[in-house]
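Since the structure comes first, as structure tokens, the remarks are kept for the end.
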Amino acid sequence: MKGLIVILGLAAIVSAAQADSLDCRLVGSCGTPDTANGVTISGQYAYVADGGSGLRVIDVSDPERPQEVGYFNTPGCARGVAIAGSHAYLADADSGLRVIDIVNPGSPQEVGYCVPPGLAWDVVVEGSHAYVADLDAGLRIIDVSDPSHPQEVGQCDTLDRDRGVAVVGTHAYLANEVSGLRVIDVSDPQQPQEVGCCGPLAASDVAVAGHYAYVTQYAALGYAIILEVIDVTDPQNPQWVAHGPASGYASGVAVTGSYVYVADEFTFPVEPRLWVFDVSNPQDPQGVGYYGTPGRARGVAVAGSYASVAACDAGLLIIEFYG
Numbered sequence: 034m035k036g037l038i039v040i041l042g043l044a045a046i047v048s049a050a051q052a053d054s055l056d057c058r059l060v061g062s063c064g065t066p067d068t069a070n071g072v073t074i075s076g077q078y079a080y081v082a083d084g085g086s087g088l089r090v091i092d093v094s095d096p097e098r099p100q101e102v103g104y105f106n107t108p109g110c111a112r113g114v115a116i117a118g119s120h121a122y123l124a125d126a127d128s129g130l131r132v133i134d135i136v137n138p139g140s141p142q143e144v145g146y147c148v149p150p151g152l153a154w155d156v157v158v159e160g161s162h163a164y165v166a167d168l169d170a171g172l173r174i175i176d177v178s179d180p181s182h183p184q185e186v187g188q189c190d191t192l193d194r195d196r197g198v199a200v201v202g203t204h205a206y207l208a209n210e211v212s213g214l215r216v217i218d219v220s221d222p223q224q225p226q227e228v229g230c231c232g233p234l235a236a237s238d239v240a241v242a243g244h245y246a247y248v249t250q251y252a253a254l255g256y257a258i259i260l261e262v263i264d265v266t267d268p269q270n271p272q273w274v275a276h277g278p279a280s281g282y283a284s285g286v287a288v289t290g291s292y293v294y295v296a297d298e299f300t301f302p303v304e305p306r307l308w309v310f311d312v313s314n315p316q317d318p319q320g321v322g323y324y325g326t327p328g329r330a331r332g333v334a335v336a337g338s339y340a341s342v343a344a345c346d347a348g349l350l351i352i353e354f355y356g
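Counted the way the working numbering counts, the sequence shown spans residues 34 to 356.
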């Protein structure tokens with residue numbers, strides 16, 4: 034019954050099918066040459082993983098007038114991006130992990146790469162290691178202590194298709210296309226071990242804050258749940274606690290404070306959207322805002338009240354949540 038109440042409460046936001054926004058507004062945009070798949074924010078810059086055109090660097094210091102200031106065209110199809118120090122790390126599909134020096138944002142330069150077999154789909158960097166969600170081979174752990182010579186040191190094969198990754202402490206959390214949330218102990222990067230899972234669900238991305246993992250779902254045919262909330266207090270026994278409304282293809286997720294932002298490529302019966310959920314009570318998430326995006330919302334990063342959305346053919350969108 035509790036799950037039904039959550040669905041009914043959040044479904045109210047979908048019922049406004051003809052409205053294109055709620056407590057959100059588009060303040061600026063910047064086109065990109067290819068397909069904006071992923072985005073992260075560092076300082077005054079948004080770094081966009083732009084498919085066949087690699088890394089795009091966009092100055093977002095004035096949210097109403099974002100401007101591209103530099104780029105580096107990688108050999109593969111850039112899917113995800115992370116920033117650590119003076120380097121950008123790109124998950125570049127069959128071209129593996131690419132390491133790009135961004136000391137000069139106007140002229141980024143590749144300094145190293147690591148190309149294990151598979152398809153690098155997402156990446157996060159913690160300490161001296163990059164953690165790559167590989168669509169073909171689970172979790173790959175790459176030592177980037179020397180960015181010019183990144184080396185794979187460990188791998189954990191989940192046997193399915195991993196699209197997103199988050200790392201907190203000694204655990205990596207994988208969004209798995211077939212079997213949901215997978216939890217990997219990475220306390221020994223050379224011997225990562227799967228210790229827990231929660232599914233099945235068609236997971237597409239994951240963000241972790243406090244004791245909770247926030248997982249997006251997609252469904253190529255039919256509909257899936259926009260947001261799943263999973264208690265990971267015990268990483269070996271993650272427990273589902275709540276979910277949001279039904280959707281077609283929720284992709285990216287970001288969490289900041291008590292809000293979760295979801296990039297949704299397709300929402301029935303209306304356009305793609307950025308969604309905002311209040312998760313101050315994770316067991317009862319509330320939809321508090323949305324914006325109908327002109328392109329398919331695939332990735333999202335948040336700084337202050339502004340969400341930077343990687344919106345496929347529409348490039349980078351800057352959306353303010355003022356609720």
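Yeah, the Cβ is synthetic: ideal placement off N, Cα and C, and Gly gets one too.
- Per DSSP, the unbroken beta strand (DSSP E) holding Arg215 starts and ends at Gly213 to Asp218.
- Going by beta carbons, Gln142 and Gly187 fall outside the 8 Å limit.
- In the structure shown, Gly160 falls within a coil segment according to DSSP collapsed to helix, strand and coil.
- Judged by DSSP in its simplified three-state form, Tyr323 adopts strand.
- Annotation: Ala69 is outside any beta strand (DSSP E) and is labelled neither H nor E by DSSP.
- By DSSP's assignment, His276 forms a beta bridge with Glu261.
- Collapsing the DSSP output to three states places Asp155 in a strand.
- When DSSP states are grouped into helix, strand and coil, Asn209 belongs to the strand group.
- Contact holds between the stretch 189-196 and the stretch 166-176, because three or more Cβ pairs, one in each stretch, are under 8 Å apart.
- Around the CB of Gly213, 16 or more other CB atoms lie within 10 Å, so the residue is classed as buried.
- DSSP lists His120 and Gln142 as the beta-bridge partner residues of Asp134.
- Cα atoms of Gln269 and Val102: separation of roughly 44 Å, rounded to the nearest angstrom.
- For Gly187, the enclosing beta strand (DSSP E) covers residues Gln184 to Cys189.
- Shown here, Glu101 sits in a strand according to DSSP, grouped into three states.
- Close CB contacts of Gly109 within its chain, under the 6 Å cut and outside five residues either way in sequence, are with Asp125, Ala126, Asp127 and Ser128 (chain order).
- Judged by DSSP in its simplified three-state form, Leu350 adopts strand.
- For Glu227, the pairing in a beta bridge is given by DSSP as Ile217.
- Nearest in C-alpha terms to Phe105, of all of Ala117, Thr326, Asp238 and Gly84, is Gly84.
- Each of Val72, Tyr245 and Asp297 was checked against the Cα of Ile263, and the nearest Cα belongs to Tyr245.
- Judged by DSSP in its simplified three-state form, Gly87 adopts coil rather than helix or strand.
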